[in-house]
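Peer 1:
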Amino acid sequence: MPEYRTIAKVADVPTNGSKLVVVDGRELLVCNSRDEIHVVENRCSHQNQPLEGGRVRNGYIFCPVHGMRFKLDNGEAIGQLTRVPLCVFDSRVVDGEVQVCLDPSTS
74 MPEYRTIAKV ADVPTNGSKL VVVDGRELLV CNSRDEIHVV ENRCSHQNQP LEGGRVRNGY
134 IFCPVHGMRF KLDNGEAIGQ LTRVPLCVFD SRVVDGEVQV CLDPSTS
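Residue numbers for the sequence shown follow our numbering, beginning at 74 and rising by one.
1) In the DSSP output, what is residue 99 paired with across the bridge?
2) Any contact of the region 164-177 with the region 130-144, i.e. 3+ C-beta pairs under 8 Å?
3) Taking its Cβ as the centre, do 16 or more other Cβ atoms sit within 10 Å of residue 115, making it buried, or is it exposed?
4) Contact defined as beta carbons within less than 8 Å: I believe residue 82 pairs with residue 169. What is the distance between those atoms, to the nearest angstrom?
5) Can you tell me whether DSSP reads residue 85 as helix, strand or coil?
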């Protein structure tokens with residue numbers, strides 16, 4: 074059974090925004106798009122630049138460096154710069170807290 078860990082409060086993640094958290098030395102970005110919470114690795118697959126500060130809109134995050142767009146639900150890359158998806162983590166909200174599973178078998 075996957076193990077979930079609490080990493081943030083939903084109230085701390087702005088609507089159409091994100092919050093950077095570090096878990097076991099790994100930078101994760103908790104994103105709130107359309108009142109849905111998603112957790113992705115804070116790394117654009119185009120040039121390994123941080124996604125922190127990128128626009129979050131309509132189920133996508135945009136890289137702040139080159140504007141590369143990724144689907145938050147599955148990490149799919151949209152555009153010409155890369156086809157490599159983002160690393161997306163299984164997450165859930167329980168009692169107003171964001172929980173994530175870092176188990177690679179479920180990520």
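Using N, Cα and C, we set each Cβ at its ideal position, and we do this for glycine too. Please read these numbers as outputs of a predicted model, since none were measured by experiment.
Peer 2: A quick look at the data gives this:
1) In the sequence shown, residue 99 corresponds to position 26, counting from 1. Bridge partners of residue 99: 96.
2) no
3) Sequence index remark: in the sequence shown, residue 115 carries index 42 (1-based). Looking at its Cβ environment, which holds 16 or more other Cβ atoms inside 10 Å, residue 115 is buried.
4) The sequence position of residue 82 within the sequence shown is 9, counting from 1. The sequence position of residue 169 within the sequence shown is 96, counting from 1. Confirmed, Cβ separation roughly 6 Å.
5) One-based indexing of the sequence shown puts residue 85 at position 12. Three-state DSSP puts residue 85 in a helix.
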